[in-house]
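One structure is given below, encoded as structure tokens.
Residue numbers (our numbering): 51 to 537.
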């Protein structure tokens, strides 16, 4: 069974959490409205009690005064000969009781001690034997007064002035209703006024929020926060944010400067490493030809490592140049010819793979031939490395509107889901990568595509992997042909 105290704490936490999720302007306006509601409720309760007492007091006074006036006005004399009560006054109230009772919606009865009516107004209720003083009988307020009657030793006639209690209760109910509507209307007006004041007070913060969103969207900390006319907490916040942006802008400039120097260093170092590596490679090739036995095997191993190092340096140089923004001169290049040349270069190492190339001539782009050759070579080499022998691999180039699209797809196991989102990042390797993989192949593909104004994507495929490179077309050629190479 749940603990009531624990349930209460959980409900309190849920209420507090819901309150904190409300916008500040609603919290300010709501707090103002609640405070106003509490004040008005207290004021209405006091006014209601005092007004109710006053209404009942006035009602009692009116009934009592009317009964006293009747007692003073009635002068009755008993005539034994006629056995009648006669009025001593020229205008006897007995004959105009309706006129006397009508203005107050009252009733008047003149009765004997046993309750038998001597005279009464229209609609006067039968309330039984009279009792002097004030009484509430069956929803009526009754004031009873004894009347002196001349000719009778002991008084036995009474006048009763009667009014409905529902009349005064209805008046009290209307007062309560008016007070309730006043309280609710005051709270509603306080809520609306609070919202207006809060919105106006929050307007500078909304401007700061819009400026912060614009800076976040553009990622430009050199933008400025809006100036504040007042010297309040909002202005202090704006100044603090402005100082923070200036610091971030300075830090970004320092970071970009350091990254630029680092990229330039990597590019220069990679370029400088090519010459000694070429010399070492040439010497190792000569040693491999002249040596024999174990020495030849050692030279061959060193030659393989040097060739791998040269490829890695070439990869790093290409990426460093792309990062540093050093672009080689672009010339019109037929991507179909580049794809055919790259396929021909891979033909000796394709083994049992079924490599087919479909290249539509005239797919001209504006770019660097060596870099585009490396792009196509890396895509097909990636397919060869990650598929089993005998797996069909297809590469194609064709025009698509204003773009040239190069597609390389295979029917292998595909790209693992855990590395698919970062497949084009640097040094990302799958579990099936061979020892010769540096993890830079697809990074180079993306870098070359982006430096040529294009993009590369890993597209969904029924089986295997499908890489699509889209580059802006240079110009459409009138003659075209399709070259198919199968190995």
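Note that CB positions come from ideal geometry on N, CA and C, so glycine has one too.
Beta-ladder partner(s) of residue 404, from DSSP | 442
Secondary structure of residue 291, DSSP reduced to three states | helix
Taking all protein chains shown into account, decide if residue 446 is buried (16 or more other Cβ within 10 angstroms of its Cβ) or exposed.
-> In summary, residue 446 is buried, with 16 or more beta-carbon neighbours lying within 10 Å of its beta-carbon over all protein chains present.
For the region 417-433 and the region 387-394, state whether three or more C-beta atom pairs, one from each stretch, are separated by less than 8 Å.
-> yes
Specify, as a first and last residue, the run of the alpha helix (DSSP H) that residue 102 falls within.
-> 74-123
Take every Cβ of the region 86-93, pair it with every Cβ of the region 224-240, and state whether three or more of those distances are shorter than 8 Å.
-> yes
Going by C-alpha distance, which of 211, 523, 349, 86 is nearest residue 114?
-> 211
So what does DSSP say about residue 355, is it helix, strand or coil?
-> helix
With a cut-off of 8 Å, do at least 3 Cβ pairs link the region 513-527 to the region 460-480?
-> yes
Would DSSP call residue 345 helix, strand or coil?
-> helix
Quick one: is residue 111 buried, meaning 16 or more other Cβ sit within 10 Å of its Cβ, or exposed?
-> When all chains shown are included, residue 111 counts as exposed.
Whole-angstrom C-beta distance between residue 384 and residue 414, which should lie under 8 Å | 5 Å
Who are the near neighbours of residue 338 in its chain, counting only those whose CB is closer than 7 Å to its CB and skipping five residues on each side?
-> So the qualifying residues of the chain are 346, 349, 350, 353.
Residue from 387, 208, 228 whose Cα sits closest to the Cα of residue 126 = 208
Any idea what DSSP makes of residue 262, helix, strand or coil?
-> Helix, per DSSP.
The alpha helix (DSSP H) spanning residue 491 covers which residue range?
-> 491-501
Best match in 330, 196, 402 for proximity to residue 442 [C-alpha to C-alpha] | 402
Take residue 197 and list the residues in its own chain whose beta-carbon comes closer than 8 Å to its own, dropping the five residues that flank it on each side.
-> 121, 124, 126, 160, 205, 207, 208, 209
Less than 7 Å between the CB of residue 515 and some heavy atom of the ligand MG, yes or no?
-> As far as ligands go, the structure on display features none, and thus does not contain the ligand MG.
In the structure shown, what three-state DSSP assignment does residue 417 receive?
-> For residue 417, the three-state secondary structure derived from DSSP is strand.
In this structure, does DSSP put residue 190 in helix, strand or coil?
-> Strand at residue 190.
Could you tell me the distance, in whole angstroms, from the CA atom of residue 444 to the CA atom of residue 456?
-> 11 Å
So what does residue 159 bridge to, in DSSP terms?
-> 170, 210
For residue 86 and residue 190, the rounded distance between their alpha carbons | 40 Å
Answer yes or no: do residue 465 and residue 472 have a C-beta to C-beta separation smaller than 8 Å?
-> At a Cβ-Cβ threshold of 8 Å, residue 465 and residue 472 do not count as neighbours.
Hey, quick one: how far does the alpha helix (DSSP H) through residue 389 stretch, first residue to last?
-> 385-396
With 16 other CB atoms within 10 Å as the buried threshold, where does residue 412 fall?
-> buried
Rounded separation between residue 165 and residue 94 - CA only = Each residue's Cα considered, the two are about 44 Å apart.
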